[in-house]
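Protein chains in written order, with our numbering: chain G, 14 to 243; chain X, 13 to 255; chain H, 69 to 125; chain B, 77 to 310. Below is one structure; the comments refer to it alone.
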């Protein structure tokens with residue numbers, strides 16, 4: 014079994030960076046304020062919520078990419094990779110949802126608001142869950158792989174359409190909480206954010222590699238079982 | 013058509029492998045079947061019989077190796093190949109809500125036949141279903157369905173006929189009819205049959221193939237087969253179980 | 069000062085909740101995968117051993 | 077070769093229509109379902125009172141009915157292909173896989189439109205009598221119905237081909253279908269709303285929403301067409 018030390022390095026590095034970002038968030042990055050001068054403490058969620066959200070979108074690219082690769086080559090490894098990518102995406106998507114809901118509660122006073130990002134994200138969450146429900150209810154291995162690949166590609170294409178239509182809808186029905194944010198970030202804030210983002214991507218990569226190793230193990234066990242006695 | 017079926021090789025299989033991940037449904041299968049032959053494929057459940065037939069009928073692509081039927085490659089010349097093969101399965105593969113005639117006409121259109129009406133009438137007569145041609149297929153008995161499905165398989169005058177356990181679920185009478193029909197068309201077709209029934213398979217075949225765990229255990233001409241020994245080999249494969 | 073920071077105390081539980089959640093989830097994921105990897109390694113060892121014994125036999 | 081594909085397309089479509097005329101399976105179950113939904117809507121709106129303007133929720137209500145109804149029909153459309161293994165016979169014949177996609181999708185589209193155009197007047201008859209009428213010409217509604225149904229049929233045909241081979245077909249189709257349908261439904265409801273309520277600028281809004289519908293149809297239809305060959309082959 015080829016050991017991939019990069020996964021461990023990334024795991025440690027990602028852990029360090031996100032921890033660093035965690036401290037920087039509270040002790041280094043300056044607090045932002047509401048227009049009336051009160052401190053906007055909830056803004057701190059931003060440093061982790063956004064990196065997780067962006068990581069989830071990035072990982073979904075791999076779902077679609079490996080889905081296409083699988084359909085072209087019919088090599089099971091690509092389906093496995095697509096599946097793992099979607100798993101990691103689901104993990105990030107759920108975290109994004111959870112942190113997003115907490116932020117919404119603080120800033121808008123409600124747990125949920127049918128706002129473009131939230132709406133799109135909700136649909137995306139359902140679609141990603143649907144991906145796994147589809148996998149579980151298809152028995153034949155190859156069929157499962159083909160269906161999952163096709164659905165993964167559809168989800169990947171559908172997500173931006175959902176996003177843009179909700180955005181576009183908002184622009185014709187303006188909502189009270191229009192972004193209203195200060196343009197651009199201060200350098201310290203930006204640095205904190207970037208560190209958190211890079212760390213999160215490294216963690217995402219490490220998760221992906223670790224899961225992949227597990228799947229490779231599983232395949233070897235399966236192969237051995239066949240060899241030993243069918 | 014008949015001449016080309018008699019020509020040298022009807023089915024050529026070279027190192028055919030069909031794998032998904034570590035599981036190999038077919039493992040380097042190779043054999044040549046001359047035109048006009050009748051091949052019976054035996055093997056336990058999960059030995060790869062169905063996969064083999066599905067690859068040869070272009071429904072599945074091989075992972076590696078090549079296969080050709082009537083000189084057409086299963087991957088690159090799939091469309092030509094499909095014109096020259098027919099399939100008779102234990103499933104009738106007919107639309108139950110269409111009449112016998114509508115079913116055959118539909119498949120004639122799919123094959124782009126020139127004069128579908130005459131061809132369909134002619135076939136219905138030959139399987140003795142002419143009088144029921146306006147009846148919906150769901151009213152047919154098992155034997156009638158099987159006859160109609162033979163007519164369907166012969167519509168486009170294929171050279172090679174694939175039979176996927178055609179005898180399963182047939183009553184003795186329907187079996188006799190099927191025997192008769194096969195005997196009738198035997199001369200100008202090549203047959204590839206999946207069979208669970210050793211006696212039936214050996215009775216019909218000119219060549220026999222035993223598959224186990226995706227591999228060819230034995231491929232022999234009927235004349236060269238020593239039946240008791242063959243039986244023993246077959247029995248041994250059943251124990252090996254599923255690949 | 070009090071005025072300015074009046075938002076911090078009521079908002080804090082949510083912020084802490086969010087960060088706590090992320091950390092627990094990340095750790096949970098890593099722990100789970102490592103745990104399964106270890107179990108898989110054991111299973112693999114058992115199989116390889118029995119294969120070796122078979123070959124010797 | 078091309079004319080052959082056209083012949084095959086017509087044959088599959090004709091077969092589906094003949095079978096539907098004979099069994100009336102899809103249209104009758106979908107139609108019945110639509111009518112039952114309206115009964116449920118009556119219950120849902122029972123306490124809303126006479127002053128409540130049904131037009132505000134009507135676009136949403138009809139699309140809720142249509143989306144669930146279409147899932148019912150899409151499921152049916154593949155069950156009989158699968159039942160006796162007919163799809164295998166179809167795949168054995170020298171037919172290009174996209175032809176099957178187009179023929180099945182067209183058939184589904186036709187059945188959907190029939191039920192939609194039958195149930196919409198019934199909906200108006202039951203809920204809109206004696207109320208303010210439509211704000212815009214009714215043919216705009218026909219445009220949305222057609223536009224959105226194209227997308228439903230295209231994506232639905234692909235998904236139904238998959239889910240017919242899964243455990244729990246019907247539920248599975250809903251799980252996959254609704255998230256993918258979101259943008260289309262949202263635009264369809266918006267367009268329907270603009271058509272029903274009317275008022276200044278509503279026609280522009282209507283066409284803006286229709287642009288979304290058409291865009292979705294084009295993109296997702298193309299992807300569904302591209303993926304179909306893979307999905308039907310296994």
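Think of the CB as a built atom: it goes at the ideal place given N, C-alpha and C, for glycine as much as any other residue.
Residue i versus residue j: straight-line alpha-carbon distance, rounded
i: residue 86 of chain X; j: residue 158 of chain X; result: 27 Å
i: residue 241 of chain B; j: residue 248 of chain B; result: 10 Å
i: residue 200 of chain B; j: residue 181 of chain G; result: 30 Å
i: residue 156 of chain G; j: residue 310 of chain B; result: 6 Å
i: residue 227 of chain G; j: residue 51 of chain G; result: 49 Å
i: residue 190 of chain X; j: residue 74 of chain X; result: 31 Å
i: residue 129 of chain B; j: residue 81 of chain H; result: 43 Å
i: residue 119 of chain B; j: residue 135 of chain B; result: 17 Å
i: residue 304 of chain B; j: residue 113 of chain H; result: 43 Å
i: residue 101 of chain X; j: residue 64 of chain X; result: 14 Å
i: residue 92 of chain H; j: residue 28 of chain G; result: 13 Å
i: residue 138 of chain B; j: residue 131 of chain B; result: 11 Å
i: residue 174 of chain B; j: residue 239 of chain X; result: 48 Å
Of the residues the options, the one placed nearest residue i, counting alpha carbons only
i: residue 20 of chain X; options: X:46, X:156 and X:162; result: X:46
i: residue 93 of chain B; options: B:310, B:256, B:152 and B:187; result: B:187
i: residue 189 of chain B; options: B:202, B:219, B:164 and B:204; result: B:219
i: residue 124 of chain X; options: X:151, X:94, X:104 and X:143; result: X:94
i: residue 100 of chain B; options: B:295, B:289, B:149 and B:132; result: B:149
i: residue 217 of chain G; options: G:100, G:142 and G:172; result: G:100
i: residue 198 of chain X; options: X:32, X:65, X:51 and X:39; result: X:51
i: residue 42 of chain X; options: X:250, X:229, X:248 and X:236; result: X:229
i: residue 245 of chain X; options: X:224, X:202 and X:234; result: X:224
i: residue 230 of chain G; options: H:108, H:91 and H:119; result: H:108
i: residue 105 of chain B; options: B:273, B:195, B:163 and B:80; result: B:195
i: residue 152 of chain G; options: B:113, B:291, B:217 and B:245; result: B:245
i: residue 197 of chain B; options: B:87, B:107, B:91 and B:83; result: B:107
i: residue 215 of chain B; options: B:205, B:231 and B:193; result: B:193
i: residue 133 of chain X; options: X:181, X:148, X:83 and X:112; result: X:112
i: residue 70 of chain G; options: G:56, G:201 and G:106; result: G:106
i: residue 114 of chain B; options: B:236, B:202 and B:226; result: B:202
i: residue 67 of chain G; options: G:82, G:225 and G:207; result: G:207
i: residue 114 of chain X; options: X:150, X:188, X:170 and X:82; result: X:150
i: residue 83 of chain H; options: G:24, G:204, G:47 and G:53; result: G:53
Chain X within 8 Å of residue i, Cβ atoms only
i: residue 236 of chain G; result: yes
i: residue 239 of chain G; result: yes
i: residue 89 of chain G; result: yes
i: residue 152 of chain G; result: no
i: residue 212 of chain B; result: no
Residue i at chain B interface by Cβ criterion, 8 Å
i: residue 160 of chain G; result: yes
i: residue 182 of chain X; result: no
i: residue 201 of chain X; result: no
i: residue 100 of chain G; result: no
i: residue 66 of chain G; result: no
Minimum Cβ-Cβ distance from residue i to chain G less than 8 Å
i: residue 197 of chain B; result: no
i: residue 124 of chain H; result: no
i: residue 106 of chain H; result: no
i: residue 113 of chain H; result: no
i: residue 292 of chain B; result: yes
i: residue 241 of chain B; result: yes
Residue i: CB within 7 Å of a non-hydrogen atom of the ligand FMN
i: residue 90 of chain H; result: Among the components of this structure there are no ligands whatsoever, and the ligand FMN is therefore not found.
Below-8 Å beta-carbon distance, residue i vs any chain H residue
i: residue 144 of chain G; result: no
Practice task
With 9 Å as the C-beta to C-beta threshold (strictly closer), list the residues of the segment 165–178 of chain B near chain X in chain order.
Solution key: For the segment 165–178 of chain B, which is checked against every Cβ of chain X, the residues closer than 9 Å are 165, 166, 167, 168, 169, 170, 171 and 172.
Practice task
Could you run through the segment 82–98 of chain B and flag, in chain order, every residue whose CB is less than 7 Å away from some CB of chain X?
Solution key: Taking 7 Å as the Cβ-Cβ cut-off against chain X, the residues of the segment 82–98 of chain B that qualify are 83, 84, 87, 91, 94, 95 and 98.
Problem - Short-range partners of chain G found in the segment 84–102 of chain H, where Cβ spacing is below 9 Å - result: For the segment 84–102 of chain H, residues whose beta-carbon sits nearer than 9 Å to a beta-carbon of chain G comprise 85, 86, 87, 89, 90, 91, 93, 94, 97, 98, 101 and 102.
Problem - Against chain X: residues of the segment 133–167 of chain B by CB proximity under 8 Å - result: Flagged, chain order: 156, 159, 160, 161, 162, 164, 165, 166 and 167.
Exercise for the section: Tell me the start and end of each unbroken alpha helix (DSSP H) in the segment 110–136 of chain X that is at least 4 residues and wholly inside, in chain order. Expected result: Taking only runs of at least 4 residues, the alpha helix (DSSP H) segments lying wholly in the segment 110–136 of chain X are 112–123.
Problem - Whole beta strand (DSSP E) elements within the segment 177–220 of chain X, 3-residue minimum - result: 202–206, all fully within the segment 177–220 of chain X.
Exercise for the section: Entirely within the segment 35–73 of chain G and at least 3 residues each: give me those beta strand (DSSP E) ranges in chain order. Expected result: Taking only runs of at least 3 residues, no beta strand (DSSP E) segment lies wholly in the segment 35–73 of chain G.
Exercise for the section: Please name the residues in the segment 111–134 of chain X whose beta-carbon is closer than 7 Å to at least one beta-carbon of chain B, in chain order. Expected result: Listed in sequence order: 114, 118, 119, 121, 122, 123 and 124.
Practice task
Could I get the ranges of all uninterrupted alpha helix (DSSP H) runs contained in the segment 68–128 of chain G, with 4 residues as the minimum, in chain order?
Solution key: Taking only runs of at least 4 residues, the alpha helix (DSSP H) segments lying wholly in the segment 68–128 of chain G are 89–121.
Exercise for the section: Taking a Cβ distance cut-off of 8 Å, strictly less, list which residues of the segment 248–259 of chain B are near chain G, in chain order. Expected result: Per Cβ criterion, the list reads 248, 251, 252, 254, 255, 256, 258 and 259.
Problem - Near-chain H residues of the segment 115–140 of chain G - C-beta to any C-beta below 8 Å - result: Along the segment 115–140 of chain G, the positions whose C-beta sits under 8 Å from a C-beta of chain H are 115, 116, 118 and 119, read in chain order.
Handout entry: Secondary structure, beta strand (DSSP E): runs of 3+ residues fully inside the segment 37–76 of chain X
Key = Within the segment 37–76 of chain X, the complete beta strand (DSSP E) runs of at least 3 residues are 50–54.
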